[in-house]
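Participant:
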Amino acid sequence: MTTKLSACAHAKTEVFVAGLHGQAEFAAFYARGLARANGPTRLLEAVAAEAAQAAAHGPYGRFPVGPLSIEDAPGPVHAIGDAHRAVLGARLSAALVHAHLLVLHPRDAKAADLQALLDAGWSTTDIVTLSQLVAFLSFQIRVVAGLRALAARPASSVTA
Numbered sequence: 038m039t040t041k042l043s044a045c046a047h048a049k050t051e052v053f054v055a056g057l058h059g060q061a062e063f064a065a066f067y068a069r070g071l072a073r074a075n076g077p078t079r080l081l082e083a084v085a086a087e088a089a090q091a092a093a094h095g096p097y098g099r100f101p102v103g104p105l106s107i108e109d110a111p112g113p114v115h116a117i118g119d120a121h122r123a124v125l126g127a128r129l130s131a132a133l134v135h136a137h138l139l140v141l142h143p144r145d146a147k148a149a150d151l152q153a154l155l156d157a158g159w160s161t162t163d164i165v166t167l168s169q170l171v172a173f174l175s176f177q178i179r180v181v182a183g184l185r186a187l188a189a190r191p192a193s194s195v196t197a
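All residue numbers for the sequence shown refer to our numbering, where the first residue is 38 and numbers rise by one.
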């Protein structure tokens with residue numbers, strides 16, 4: 038099945054990823070975009086609720102056995118609840134679980150996770166696009182946080 042990742046799906050994923058990072062300002066920005074695209078309010082509410090439930094401090098995961106195993110960190114794995122799955126649908130639910138994996142459990146990604154997206158109706162191209170969107174948004178949030186931290190410091194402490 039070949040599909041095109043819609044702007045509405047982008048906005049829902051962006052709201053979710055911003056929520057995972059605890060960035061209410063970013064989440065509100067993307068929620069306004071979803072509202073302008075006439076996204077159903079109940080969908081936005083379900084996405085926001087799932088983000089609030091899934092938010093955590095990561096990253097988590099396990100490295101292959103070896104010297105990096107000392108960095109292993111167990112953490113919560115997110116699953117969409119039945120009530121929200123009924124509102125979000127299988128396709129968006131799978132996308133949000135994938136976004137959670139990329140943001141908080143990148144070391145734990147495996148082929149079965151990609152298969153879950155394919156099984157939910159995502160095309161290979163859409164999976165790549167979704168993953169790129171999640172990665173870019175995570176990067177963007179971190180850059181803005183870093184720039185804000187620098188801007189908040191007195192000029193004398195920034196110079197060498």
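All C-beta atoms in this analysis are idealised placements derived from N, C-alpha and C, irrespective of residue type, glycine included.
Between residue 150 and the rest of its own chain, which residues show a CB-CB distance below 7 Å, the 5 nearest in sequence each way excluded?
Facilitator: Contacts found: 135 and 138.
Participant: With DSSP as the reference, please indicate the residues paired to residue 110 in a beta bridge.
Facilitator: 98
Participant: If distances are taken between C-alpha atoms only, which option among 121, 102, 190 and 160 comes closest to residue 84?
Facilitator: 121
Participant: Please state if the CB of residue 154 and the CB of residue 131 are separated by a distance shorter than 7 Å.
Facilitator: In contact: residue 131 and residue 154 (Cβ atoms closer than 7 Å).
Participant: So what does DSSP say about residue 152, is it helix, strand or coil?
Facilitator: helix
Participant: Taking the alpha-carbon of residue 48 as reference, which of 60, 58 and 65 has the nearest alpha-carbon?
Facilitator: 65
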